[in-house]
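Heads up: the sequence shown at position 67 corresponds to 67 in the working numbering, and the numbers run straight through without jumps.
All C-beta atoms in this analysis are idealised placements derived from N, C-alpha and C, irrespective of residue type, glycine included.
As structure tokens, the structure follows; a few thoughts come after it.
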Amino acid sequence: MTGHAPPPEPRRVPCPTCKRPAVFAPSNPSRPFCSERCRGVDLGAWANESYRVEAPPGRDNDDTLPD
Ligand SMILES: [Zn+2]
């Protein structure tokens with residue numbers, strides 16, 4: 001039987017500012033940020049170029065072979 005389908009689970013992404021899960025859906029106008037506040041913080045930081053993402057050394061290649 002095809003009774004009922006589970007409700008679509010909203011996609012969540014880590015907020016770039018506070019790293020907390022943020023709902024990545026139209027219901028969240030601040031996406032990918034968790035809130036308007038985090039969004040403003042991030043934009044301000046980037047504008048001042050005082051925000052440095054300590055990204056781990058990684059490969060940008062899309063065609064890397066899986067290990
Ligand atoms: Zn946040």
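According to DSSP, simplified to helix, strand and coil, what is residue i?
| i | result |
| --- | --- |
| R11 | coil |
| G40 | helix |
On the DSSP bridge assignment, give the partners of residue i in chain order.
| i | result |
| --- | --- |
| A22 | V13 |
Using a 10 Å radius around the Cβ and a threshold of 16 neighbouring Cβ atoms, would you call residue i buried or exposed?
| i | result |
| --- | --- |
| A5 | exposed |
| R11 | exposed |
| T2 | exposed |
| R39 | buried |
Under 9 Å, do residue i and residue j count as touching if we go by C-beta distance?
| i | j | result |
| --- | --- | --- |
| A22 | F33 | yes |
| R20 | P14 | yes |
Can you tell me whether residue i sits near ligand 3, meaning its C-beta is under 8 Å from at least one heavy atom of the ligand?
| i | result |
| --- | --- |
| R11 | Ligands displayed in this structure: ligand 1; ligand 3 is not among them. |
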